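Chains as they are written, first to last, in our numbering: chain P, 2 to 248; chain B, 2 to 248. No residue lacks a Cβ here, since even glycine has one placed at the ideal position from N, Cα and C. The model shown is predicted, which means the values in this text are computed figures rather than measured ones.
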DNA sequence: CGCCAACTTGATAACATTCAATGTAGGTGG
DNA sequence: CCACCTACATTGAATGTTATCAAGTTGGCG
């Protein structure tokens with residue numbers, strides 16, 4: 002039985018299901034919404050969730066779709082983005098395991114979501130999750146805390162997009178990836194950079210060419226090294242930190 | 002007895018207090034956190050809040066200050082901003098009456114807050130407000146909803162900062178101001194634009210010169226008219242909308 | 001009335017984009 | 001197994017949008 006959905010433009014109607022309650026063995030349980038729940042409460046959560054696997058490049062949902070499903074990333078990297086009518090794209094965030102997807106209140110998604118790498122997610126019907134939130138205020142609070150820190154990250158990103166130059170953007174980006182990896186228990190240096198130059202560009206408000214040139218610059222000045230398999234070694238964190246803040 | 006604090010670099014130790022419970026007559030009660038509360042519940046809220054008046058240009062708190070106080074704007078306009086070491090500034094948002102200030106979870110503020118116009122705010126000790134949230138999950142949910150919509154606005158702003166040109170930014174800005182004014186029951190057209198060119202520039206990731214030139218352009222092409230007292234008439238919403246989306 | 005800050009306008013320059021070509025790696029089929 | 005194809009990445013040259021530098025102008029306030 003195949004667990005993975007096929008890549009298609011929208012999420013297909015039939016999703017793979019892992020029948021055994023997966024939460025107990027969930028690798029990201031300690032860092033996501035679920036961390037607010039006790040073992041018996043987790044059961045109720047497990048009852049309403051379906052585990053979904055997707056290939057790289059799979060569109061989970063698109064901006065404007067009815068937002069009746071929420072997700073929690075358990076493996077892989079996702080990207081969220083908004084489009085302008087002429088195709089210009091802004092990636093508003095990359096999601097790592099433990100991140101929550103669909104924190105909005107509206108009945109339609111405010112952005113599209115697509116996998117950067119093969120990924121696994123927990124899928125919740127929105128109605129039933131909201132019901133759970135009523136009963137478990139701790140989970141409500143946990144979700145609020147996650148929204149808060151997302152908001153803080155969004156403000157940092159506004160500073161980056163509005164006021165930093167290309168070098169400062171790339172330096173900030175690498176440090177942020179490293180920092181996030183560290184907090185989740187992944188290698189922080191060399192840091193894994195699974196997304197394409199084009200994705201990085203659309204996240205940082207630049208073009209692929211500028212991203213590529215700036216990486217080359219940083220490599221030439223020996224601040225970073227580009228390794229195999231989308232890994233980047235940060236050779237001098239101090240200098241990188243200074244670059245990131247424009248000091 | 003003076004109700005207003007003096008303008009100073011940081012909030013002064015002594016704040017003005019309005020002793021009569023102000024919530025009943027509060028002009029923004031219906032659109033803020035308080036809307037989640039019943040009359041008797043409001044009493045408990047009123048017990049822990051202090052009303053504060055500030056002049057234009059008053060710094061309420063600065064990035065990095067201990068975040069032991071939360072605010073709710075009841076009159077006037079505030080701005081939130083982050084600074085880079087060399088003085089570059091990004092305004093992350095303008096707050097209108099009804100907006101909540103300090104939605105963060107951290108123990109220090111992630112941004113500075115300053116009044117654009119003379120303003121009035123409700124001030125809450127963070128500890129006690131959090132206690133109230135325990136007892137009133139409805140208020141918790143209301144706060145979560147506010148955080149969610151702020152997050153959505155932040156994502157719109159990222160699209161603007163990362164991918165829109167100067168004209169599109171100004172058009173988007175004017176439409177957003179008009180839209181927000183409308184939802185709060187203020188005049189939507191002509192729309193009130195109380196902030197300086199420099200504030201607008203730092204919000205939109207531009208310079209004052211570019212903001213000024215772009216206003217002139219839009220005025221010359223008769224899409225907008227600049228009126229007395231910081232008012233802007235939007236002469237053609239359709240065209241403005243198209244400009245904003247780059248269509 | 002005069003001063004100062006905010007705004008507008010103009011000339012020049014810089015950084016990033018655009019357009020274009022080449023280089024590289026992974027996957028497929030002959 | 002290798003040639004080929006495609007997607008992604010890098011590099012180069014020219015262009016352009018916005019920033020910077022520099023005067024002027026307006027308007028509010030003492």
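Euclidean distance between Cα positions of residue i and residue j
i	j	result
residue 146 of chain B	residue 229 of chain P	43 Å
residue 197 of chain P	residue 242 of chain P	23 Å
residue 103 of chain B	residue 215 of chain B	33 Å
residue 208 of chain B	residue 117 of chain B	18 Å
residue 159 of chain P	residue 158 of chain B	7 Å
residue 107 of chain B	residue 140 of chain B	20 Å
residue 49 of chain B	residue 27 of chain B	15 Å
residue 57 of chain B	residue 119 of chain B	4 Å
residue 170 of chain P	residue 71 of chain P	31 Å
residue 173 of chain B	residue 175 of chain P	31 Å
residue 155 of chain P	residue 212 of chain P	21 Å
residue 162 of chain B	residue 41 of chain P	45 Å
residue 130 of chain B	residue 201 of chain P	40 Å
residue 164 of chain P	residue 88 of chain B	10 Å
residue 204 of chain P	residue 78 of chain P	14 Å
residue 127 of chain B	residue 148 of chain B	16 Å
residue 254 of chain P	residue 69 of chain P	Absent from the structure is residue 254 of chain P, since the part of chain P shown begins at 2 and ends at 248.
residue 30 of chain B	residue 153 of chain B	23 Å
residue 138 of chain P	residue 210 of chain B	50 Å
residue 63 of chain B	residue 91 of chain P	30 Å
residue 206 of chain B	residue 199 of chain B	10 Å
residue 55 of chain B	residue 76 of chain B	10 Å
residue 61 of chain P	residue 239 of chain P	38 Å
residue 53 of chain P	residue 53 of chain B	51 Å
Burial state of residue i, where buried means 16 or more other Cβ atoms lie within 10 Å
i	result
residue 237 of chain P	exposed
residue 86 of chain P	exposed
residue 186 of chain B	exposed
residue 115 of chain P	buried
residue 109 of chain P	exposed
residue 67 of chain B	exposed
residue 248 of chain P	exposed
residue 132 of chain B	exposed
residue 184 of chain P	exposed
residue 151 of chain B	buried
residue 136 of chain P	exposed
residue 65 of chain B	exposed
Cβ-based neighbour list, residue i, same chain, cut-off 8 Å, excluding 5 preceding and 5 following
i	result
residue 217 of chain B	none
residue 222 of chain P	none
residue 181 of chain B	97
residue 225 of chain P	175, 216, 219, 233, 234, 235, 236, 241
residue 166 of chain P	247
Those residues which DSSP pairs with residue i across a bridge
i	result
residue 92 of chain B	B:82
residue 193 of chain P	P:232
residue 124 of chain B	B:51, B:72
residue 114 of chain B	B:62, B:81
residue 101 of chain B	B:73
residue 67 of chain B	B:109
residue 225 of chain P	P:235
Residues near residue i by beta carbon distance below 7 Å, same chain, minus five either side
i	result
residue 179 of chain P	189, 190, 192, 235
residue 93 of chain B	81, 82, 83, 112
residue 231 of chain B	193, 194, 195
residue 46 of chain P	24, 35, 38, 133
residue 245 of chain P	169, 172, 173, 176
residue 227 of chain P	216, 220, 233
Beta-carbon contacts of residue i that lie in its chain and below 6 Å, excluding the five residues immediately before and after
i	result
residue 74 of chain B	96, 98, 100, 122
residue 143 of chain P	34, 37
residue 32 of chain B	99
residue 105 of chain B	111
* What are the uninterrupted segments assigned as alpha helix (DSSP H) that are 4 or more residues long and contained completely in the segment 163-214 of chain B, given in chain order? -> 167-184, 198-205
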